[in-house]
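First comes the structure, then the notes that go with it.
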C-alpha cells in the first residue's frame, strides 16, 4: 500500500462516519489552487483576488451588517415566492391532473407560458409594478409554479386507476379520495417539482435582483460590478452557491427521499 | 386515419391559444386599457411586421441564437470528454462530485457580473455565461452517467477483450448518453434564461436587449412581441430538438430503461 492509498482509505472511512465532510474536503485543493494562482500573479490581482481578500471582505460586510441584511432580504423573497408558488401550483396541478377538460384547455397554455421564462417578464413587470417586492415575488412565483404544476399533473396521472376504483368501491367520498389517494400518490412528484422549481426560482431571484434590485445578494454582486470590485462579486457567488447547496442537499433532498419512501404508492 | 388523429391533436393544442387571442383582441379595447400598460393585439402584429420588414427582429433573433450555439458547442466539446475521463475512476468521481454540484448551482445568471468585468460588455461575456451554464451541468451529468454504468458491464467488455477505444465508444459513451442528453436539456434551459438576462445588461443586440430598450420607452407592444418570440423559440428548440434527442438516446442506447 502506498501512502496515497492509505490516505484515501482514511478519507473514505472518515466520510463514511461524517458524510458532511465529503462535501467540504474537495473544496480544499480548489482553494489552494486558487490561492496559488493568485500568489503567482498569473492574472492581475484586480481581476482575480485571492481567498484571503474574499474572506476579509466577508468579515467586513458582516461587521457592517450589510451582508446579513441582504441575505435576509433574498431568503425572505425566495420564501414568499415559494409559498405562493406552492399554494397556487398544487391545487392547479391536481385540477389539471384529475379533469380531462381542464387538461385539454390549460396544458398547451402552461407549456407556452413556461417557455417564455421568468426573466423575459421583468421589463413589463417593471412597467406594471415598479421596482420592488411585487415584481420580485411575481417573478419567483412565476418560476416556481410551472415545475410544481407540471410535476403534480404527472404525479396525479401516474396513480393507477385501480386505486381510485378501490377507494370508490370501499365507499370513499370525493374529498377523501382527494385527501387519501390523489394527494399522497402525487406527493413524491410534487416534492420533485418543488425542488426543481426552487432551483429555477433561486436563479430568477438573482436575475431580478441584478436587474431591478435595490437589495439582496444579486444586488450586492451587481453593485460591486458597478464599483469594479471583483472581491465582492466572488463573495456573492460563493454565498449563493453555499446557500443553495445547504437548502438543496440538506433540506429538499431529504424531504424528497422521505416522501418517496414513506408514501409508498409510487415504486421506483 | 393516423394523419387525421394528429391533425386533431394539433388543433386541440392550438385551440386554447385561439381563445386567448380572441379574448385579447376583444377585452383590451373594450376596457380601454392604456397601451403603456398592455398593448393591443394589432399593435403587436404591427410591431412584428415592422421588425421583420426592417430586419431588426431577425437580427436580434439571429444574434441570440448564434450566442447560444457558440457557447453550447464550446461547452459540450469541453464537458463530455472531461466528464468521461473523471467518471471512469470511482475515486476521482466521488471526490469531485461535490465540486461540480456546487458549480452547477451557480450556473448561468450568477456569472453575469464577473463575466462582464472580465470580458467587458459584449459577445465574450455572454458566451462565457452560456458556456458556464452548460459546461458544469453537462460535466456533472456525464460524470454521474459514467459512474452509474454497472461495473459488470465494464468488466464484461474488458474480459471480452475490448480495448480502451472500443470501451469508450461502445460502453462508456452509450451508457452515459442518456444522462448527457438530460444534462444538455437542463443546461440549455438555464443558458437560455441566462442569455436573456445577460442581453438585458451587457450588449446592444439580441432579444433580451430588445425587451429592455423597449421598456425605457414604454413600448409594451415590442415587449410583448419579444416575450412571444422567446417563448416560441424555446418551445421549438425544446420540443423539436431536445425532447426527441432525449427520447431517442434513452430508447436506442438501451442501457437505461425508459422511465
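Protein chains in written order, with this note's numbering: chain A, 1283 to 1550; chain B, 6 to 264.
Glycine is no exception: its CB is placed at the ideal position from the N, C-alpha and C atoms.
By DSSP, does residue 1526 of chain A sit in helix, in strand, or in coil?
helix
Which of the three DSSP states, helix, strand or coil, is assigned to residue 1393 of chain A?
helix
Contact list for residue 144 of chain B against chain A, beta-carbon separation under 7 Å:
Those do not exist, as residue 144 of chain B stays about 14 Å from chain A at its closest Cβ, beyond 7 Å.
Would you mind sorting residue 1327 of chain A into buried or exposed? The rule is 16 or more other CB atoms within 10 Å of its CB.
Taking every protein chain shown into account, the CB of residue 1327 of chain A has fewer than 16 other CB atoms within 10 angstroms, so this residue is exposed.
Measuring only between beta-carbons, confirm whether residue 1300 of chain A sits less than 8 Å from chain B.
no
Alpha carbon to alpha carbon, what distance is there between residue 123 of chain B and residue 1334 of chain A?
20 Å
Pick out whichever of B:186, B:159, B:227, B:216 has its Cα sitting closest to the Cα of residue 173 of chain B.
B:159
On a Cα-Cα basis, can you pick out the residue from A:1441, A:1480, A:1295 that is closest to residue 1468 of chain A?
A:1441
Is the CB-CB distance between residue 135 of chain B and residue 194 of chain B below 8 Å?
no
With DSSP collapsed to three states, give me the class of residue 1324 of chain A.
Of the three classes helix, strand and coil, the one that applies to residue 1324 of chain A here is coil, per DSSP.
Under 7 Å between beta-carbons, which chain B residues line up against residue 1386 of chain A? List them in chain order, please.
Chain B residues near residue 1386 of chain A: 17.
Starting from the Cα of residue 147 of chain B, find the closest Cα among B:71, B:106, B:253, B:38 and give me that residue.
B:106
Residue 1418 of chain A at chain B interface by Cβ criterion, 8 Å
no
Interface residues of chain B around residue 1398 of chain A at Cβ under 7 Å?
232, 235, 236
Residues in the region 115-132 of chain B having any Cβ partner in chain E nearer than 8 Å
Any reference to chain E falls outside this structure, whose protein chains are A and B.
From what residue to what residue does the alpha helix (DSSP H) around residue 38 of chain B run?
Here residue 38 of chain B belongs to no alpha helix (DSSP H), and DSSP marks it neither H nor E.
The region 109-123 of chain B in contact with the region 1500-1512 of chain A per 3-pair CB rule at 8 Å
yes
Cutoff 8 Å; reference residue 26 of chain B; Cβ partners in own chain excluding five residues on either side:
46
For residue 223 of chain B, return the contacting residues in chain A, with the cut-off set at a CB-CB distance below 9 Å.
Listed along the chain, the chain A residues whose CB falls inside 9 Å of the CB of residue 223 of chain B are 1409.
When burial is assigned at 16 or more other CB atoms within 10 Å of the CB, is residue 1400 of chain A buried or exposed?
Buried, by the Cβ-count rule.
Classify residue 37 of chain B: buried if its beta carbon has 16 or more other beta carbons within 10 angstroms, exposed otherwise.
exposed
Considering only C-alpha positions, which residue in the set A:1516, A:1541, A:1533 is nearest to residue 1336 of chain A?
A:1516
Taking residue 182 of chain B as the reference, give the member of B:89, B:70, B:10, B:157 with the closest Cα.
B:89
Mark residue 1549 of chain A as exposed unless 16 or more other C-beta atoms lie within 10 angstroms of its C-beta, in which case mark it buried.
Only weak support is given to the placement of residue 1549 of chain A: the predicted model assigns it a pLDDT of 44, under 50, and the question is left unresolved by the model.
Taking residue 1507 of chain A as part of the alpha helix (DSSP H), name the residues at either end of that continuous run.
1499-1509
Below 8 Å on the Cβ atoms is my contact criterion, and I expect residue 1417 of chain A with residue 1483 of chain A to pass it. Report the Cβ-Cβ distance as a whole number of Å.
Between the beta-carbon of residue 1417 of chain A and that of residue 1483 of chain A there is about 14 Å, and that puts the pair past the 8 Å contact cut.
Any beta carbon from chain A within less than 8 Å of residue 205 of chain B's own beta carbon?
Under the 8 Å criterion on CB atoms, residue 205 of chain B is classed as interfacial with respect to chain A.
Please identify, using Cβ separations under 8 Å, the residues of the region 1326-1359 of chain A that lie next to chain B, in order along the chain.
From the region 1326-1359 of chain A, only 1329 have a Cβ closer than 8 Å to chain B.
Pairwise C-alpha distance: residue 1385 of chain A and residue 19 of chain B
13 Å
How is residue 1496 of chain A classed by DSSP in three states: helix, strand or coil?
coil
Determine which residues of the region 1461-1493 of chain A have a Cβ less than 7 Å from any Cβ of chain B, and write them out in chain order.
1485, 1488, 1489, 1492, 1493
Would you check if the distance between the CB atom of residue 154 of chain B and the CB atom of residue 176 of chain B is smaller than 8 Å?
Closer than 8 Å, so yes.
Please go through the region 28-105 of chain B and give each complete alpha helix (DSSP H) segment of 4 or more residues, from N-terminal end onward.
Runs of the alpha helix (DSSP H) spanning 4 or more residues and lying entirely within the region 28-105 of chain B occur at 46-58, 61-93, in chain order.
What is the rounded straight-line gap between the Cα of residue 1458 of chain A and the Cα of residue 1528 of chain A?
In this structure, the alpha-carbon of residue 1458 of chain A lies about 36 Å from that of residue 1528 of chain A.
Between which two residues does the alpha helix (DSSP H) containing residue 1374 of chain A stretch?
Where residue 1374 of chain A is concerned, the enclosing alpha helix (DSSP H) stretches over 1348-1380.
Just confirm the distance between the C-beta atoms of residue 145 of chain B and residue 109 of chain B, as a whole number of angstroms; I'd bet it's less than 8 Å.
5 Å
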